[in-house]
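K.L.:
Residue numbers (full-length UniProt numbering): 1 to 42. All C-beta atoms, glycine included, are put in the ideal place defined by N, C-alpha and C.
1) Quick check: the Cα distance between residue 28 and residue 5, rounded to an integer number of angstroms?
2) State the DSSP-derived secondary structure class of residue 17, mapped to helix, strand or coil.
3) Taking a contact to mean a Cβ-Cβ separation below 8 Å, would you say residue 14 touches residue 22 in this structure?
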């Protein structure tokens with residue numbers, strides 16, 4: 001199972017909003033999202 005398949009299986013029962021929040025939180029935890037504009041609101 002690839003990482004992409006694993007992600008699809010994990011989010012299969014989630015709403016679109018839940019998916020967006022989960023993806024954002026994962027990216028934020030890894031330091032992959034946000035720029036100086038976004039940092040002001042953190």
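P.N.:
For this structure:
1) As a working mapping, residue 28 is identified with position 28 in the chain shown. As a working mapping, residue 5 is identified with position 5 in the chain shown. Going by the C-alpha atoms only, they are around 22 Å apart.
2) Sequence index remark: in the chain shown, residue 17 carries index 17 (1-based). Here residue 17 sits in helix by DSSP.
3) In the chain shown, the residue the question calls residue 14 occupies position 14. In the chain shown, the residue the question calls residue 22 occupies position 22. Yes, the Cβ-Cβ distance between residue 14 and residue 22 is below 8 Å.
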